Amino acid sequence: MSEKIDLSTFVLSEDEEFMNANHRAYFRAKLNAWKNDILREARETLDHLAEESANHPDLADRASSETDRAIELRARDRQRKLIAKIDAALQRLDEGTYGYCEETGEPIGLKRLDARPIATLSIEAQERHERREKVYRDE
1 MSEKIDLSTF VLSEDEEFMN ANHRAYFRAK LNAWKNDILR EARETLDHLA
51 EESANHPDLA DRASSETDRA IELRARDRQR KLIAKIDAAL QRLDEGTYGY
101 CEETGEPIGL KRLDARPIAT LSIEAQERHE RREKVYRDE
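At position 33 of the sequence shown (counting the first as 1) the number is 33 in the UniProt record's numbering, and the numbers step up by one without a gap.
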């Protein structure tokens, strides 16, 4: 299969070799589509914020507008961090390490990757990580 994958019709198969060319093309397309959606939304937000930057004579309107702006900017910051994770996943695809757990080296699993394409840990490794985090947080 070629590098062009139709995300609406392609079905991942557990019966194939893990991270074969089809899988890599699918995840590359999925990650790029996700990144493009985030960038499009960011442009729309910036356009909206530019329109909203009008002076509000009423203090309540101005306060509401400032709160909305702060919420939008926090959301954009989270999305900026998400783009960095998407870029890191694309780099792992280029390096041939995508889909393998950073902790154990085992395959992460297609279902997990399909649900969370930026995952770097298998479910088991993620659970261990979260348990350790909880222990330290509770102390």
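Ideal Cβ placement from N, Cα and C applies to all residues, glycine included. Bear in mind that the values here come from a model prediction, so they are computed numbers and not experimental data.
Nearest-angstrom beta carbon gap, residue j and residue i [assumed within contact, 8 Å]
{"i": "residue 79", "j": "residue 38", "result": "5 Å"}
{"i": "residue 31", "j": "residue 86", "result": "5 Å"}
{"i": "residue 121", "j": "residue 27", "result": "At roughly 16 Å, the Cβ-Cβ gap does not stay under 8 Å, so residue 121 and residue 27 are not in contact."}
Other residues of its chain near residue i: CB distance less than 8 Å, five sequence neighbours each side excluded
{"i": "residue 2", "result": "Unreliable positioning characterises residue 2 in this predicted model, as indicated by a pLDDT of 42, which lies under 50. The coordinate reading is nonetheless provided below. Correct list, in chain order: 25."}
{"i": "residue 61", "result": "none"}
When the options are compared against residue i, the one with the closest alpha-carbon
{"i": "residue 107", "options": "130, 10 and 20", "result": "20"}
{"i": "residue 34", "options": "84, 95 and 112", "result": "84"}
{"i": "residue 18", "options": "93, 136, 127 and 132", "result": "93"}
{"i": "residue 115", "options": "45, 131, 4 and 12", "result": "12"}
{"i": "residue 16", "options": "110, 67, 124 and 66", "result": "110"}
{"i": "residue 119", "options": "102, 36 and 58", "result": "102"}
Whole-angstrom distance between residue j and residue i, CA atom to CA atom
{"i": "residue 4", "j": "residue 29", "result": "8 Å"}
{"i": "residue 127", "j": "residue 98", "result": "20 Å"}
Sequence-distant residues of the same chain with beta carbon closer than 6 Å to residue i, five excluded per side
{"i": "residue 131", "result": "none"}
Cβ-based neighbour list, residue i, same chain, cut-off 7 Å, excluding 5 preceding and 5 following
{"i": "residue 74", "result": "none"}
Exercise. Entirely within the UniProt domain "DnaK suppressor protein DksA N-terminal" (24 to 93) and at least 3 residues each: give me those beta strand (DSSP E) ranges in chain order.
Key: none
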